[in-house]
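Data first, discussion second: the structure below is written as structure tokens.
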Amino acid sequence: MNIESKWLEDFLALAELRNFSHAAEQRNVTQPAFSRRIRALENAVGAELVDRTKTPIGLTPSGKLFRVSARTLINQIADGIGQLSDLSMLGGNVVRVAAAHSLATSLVPNIQPMLSRGHHNPLLSVEAIDVDQATEELHEGSCDLLFAFDDERLRLPPYQSLRIGEAELLPVCACDEQGQPLFSFNSNEPTPWLAYSPSSYMGRQVEVIRHQVNLNAVFSSSMTDLLKALALKGQGVAWLPDYAIKQELASGEVALVGESYLRLPIAYYAYRYQARLHPAGEQVWNTLCQLAKSSA
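Once you know that position 26 of the sequence shown is 26 in the UniProt record's numbering, the rest is easy, because the numbers rise by one and skip nothing.
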């Protein structure tokens with residue numbers, strides 16, 4: 001197999017821009033030459049990587065998988081050259097992480113201090129986005145690692161998963177001056193509800209029990225931090241992950257509402273492709289494995 005590194009860079013540019021002419025311009029070649037190089041790469045790997053029937057163009061399933069390998073190879077080449085020339089290749093140590101909003105703020109601070117124990121000096125580049133969008137980032141090969149909740153599709157090949165924690169979605173609200181919850185589910189009046197977007201992961205979990213209590217949605221968002229802020233301002237009841245409200249529960253700023261059956265168990269995972277990551281990426285994965293063992 002004879003693959004030129006410039007073909008890999010061409011492919012990564014095309015995967016990012018989703019347009020042949022724009023990618024050719026970025027790579028400073030004519031579009032016909034750029035198209036020939038992409039076709040040469042496809043011939044070399046023996047698979048069609050680009051779905052040319054779409055506008056903008058998309059990646060085939062093989063292309064999505066190969067995108068991860070291409071970025072890893074480019075990083076390894078850069079890292080190897082840096083070692084030979086004794087240069088610092090910070091870019092080769094970047095580990096791209098897509099994460100659900102609430103997991104980004106709860107997990108990353110625990111991981112970052114542990115990364116100094118290795119040899120590859122990983123630089124985490126974290127994008128906190130909607131859970132379902134984060135999952136799509138991994139599908140598309142746009143990230144090295146994904147922090148998200150339980151997804152059966154991602155626990156099967158070609159992916160690898162690591163269960164790194166468990167949590168509960170707790171119905172909570174702010175407290176009055178006497179430390180009592182501002183709202184309850186016992187009133188004949190509907191309870192103001194700060195809801196997750198129905199299409200979001202959290203929204204789908206709460207949907208299972210929402211009809212068991214009298215709720216009136218007054219706000220909707222996929223962002224845990226936003227719902228938490230409104231709950232603290234006394235705007236209603238919100239189902240929030242326990243790791244996001246530990247301090248507020250301990251200080252009495254918020255209180256649990258309702259019976260225990262309204263508390264919803266959730267598990268969260270780290271996901272990746274089975275293909276080997278670059279050394280910095282593997283170090284982060286090993287750190288996550290240590291974190292999972294310590295929390296087991």
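From the three backbone atoms N, C-alpha and C, an ideal C-beta is built for every residue, glycine too.
The structure presented is a predicted model; accordingly, all values stated were derived computationally and were not measured.
{"Check": "Check D51 in the structure and name its three-state DSSP category.", "Outcome": "strand"}
{"Check": "Quick check on DSSP: helix, strand or coil for R37?", "Outcome": "helix"}
{"Check": "Short of 7 Å in beta carbon distance, which residues of its chain neighbour R163, apart from the five on each side in sequence? Order them along the chain.", "Outcome": "A267, Y269, A292"}
{"Check": "In or out: H101 buried (at least 16 other Cβ within 10 Å) or exposed?", "Outcome": "buried"}
{"Check": "Apply the 10 Å Cβ neighbour rule to S5 and answer buried if 16 or more other Cβ atoms are within range, or exposed otherwise.", "Outcome": "exposed"}
{"Check": "Give the straight-line distance between the Cα atoms of L156 and Y271, rounded to the nearest whole angstrom.", "Outcome": "10 Å"}
{"Check": "Write down every uninterrupted run of the alpha helix (DSSP H) in the region 151-236 whose length is 4 residues or greater and which is fully enclosed by it, in chain order.", "Outcome": "201-207, 224-232"}
{"Check": "Just mark G46 as buried or exposed, buried being the case when its beta carbon has 16 or more other beta carbons within 10 Å.", "Outcome": "exposed"}
{"Check": "Count the other CB atoms within 10 Å of the CB of V208; is the residue buried (16 or more) or exposed (fewer)?", "Outcome": "exposed"}
{"Check": "Of all the options T135, E152, L240, which has the alpha carbon lying nearest to the alpha carbon of L145?", "Outcome": "T135"}
{"Check": "What residues in its chain sit with their C-beta under 7 Å from that of R71, if we drop five residues either side in the sequence?", "Outcome": "L12"}
{"Check": "Look at the Cβ atom of L138, then the Cβ atom of L124, and state whether they are nearer than 9 Å.", "Outcome": "no"}
{"Check": "Can you have a look at D10 and say buried or exposed, based on whether 16 or more other CB atoms are within 10 angstroms of its CB?", "Outcome": "buried"}
{"Check": "Check whether the Cβ atoms of C173 and A238 sit closer than 9 Å, and answer yes or no.", "Outcome": "yes"}
{"Check": "For V94 and F185, what's the separation of their Cα atoms in angstroms?", "Outcome": "48 Å"}
{"Check": "Could you tell me whether the region 212-231 touches the region 193-202, using the rule of 3 or more Cβ pairs below 8 Å?", "Outcome": "yes"}
{"Check": "Classify R67 as buried or exposed, calling it buried when 16 or more other Cβ atoms lie within 10 Å of its own Cβ.", "Outcome": "buried"}
{"Check": "Which same chain residues end up closer than 8 Å to T105 when comparing Cβ atoms and leaving out the 5 residues on each side of it in sequence?", "Outcome": "A128, D225, A244"}
{"Check": "Below 8 Å on the Cβ atoms is my guess for F183 versus G236; work out the distance and round it to an integer in Å.", "Outcome": "7 Å"}
{"Check": "Does the Cβ of Y261 have 16 or more other Cβ atoms within 10 Å, making it buried, or fewer, making it exposed?", "Outcome": "exposed"}
{"Check": "Go ahead and pull the three-state DSSP assignment for R18.", "Outcome": "coil"}
{"Check": "L90: buried (16+ other C-beta within 10 angstroms of its C-beta) or exposed?", "Outcome": "At L90, the pLDDT of 45 sits below 50, so the modelled position is not reliable and the matter cannot be decided from this model."}
{"Check": "Just to confirm before moving on: does the CB-CB distance between Q274 and Y159 stay below 9 Å?", "Outcome": "yes"}
{"Check": "Taking the C-alpha atoms as reference points, what is the distance between N214 and E166?", "Outcome": "28 Å"}
{"Check": "Does the separation of the CB atoms of F20 and I74 fall below 9 Å?", "Outcome": "no"}
{"Check": "Would you kindly report the start and end of the unbroken beta strand (DSSP E) that includes E282?", "Outcome": "Where E282 is concerned, there is no enclosing beta strand (DSSP E), although the alpha helix (DSSP H) it sits in stretches over 279-295."}
{"Check": "Taking the beta strand (DSSP E) that A126 falls in, what are its first and last residues?", "Outcome": "Sequence check: residue 126 is Val here, not Ala. It spans 123-129 - the beta strand (DSSP E) in which V126 sits, taken as one unbroken run."}
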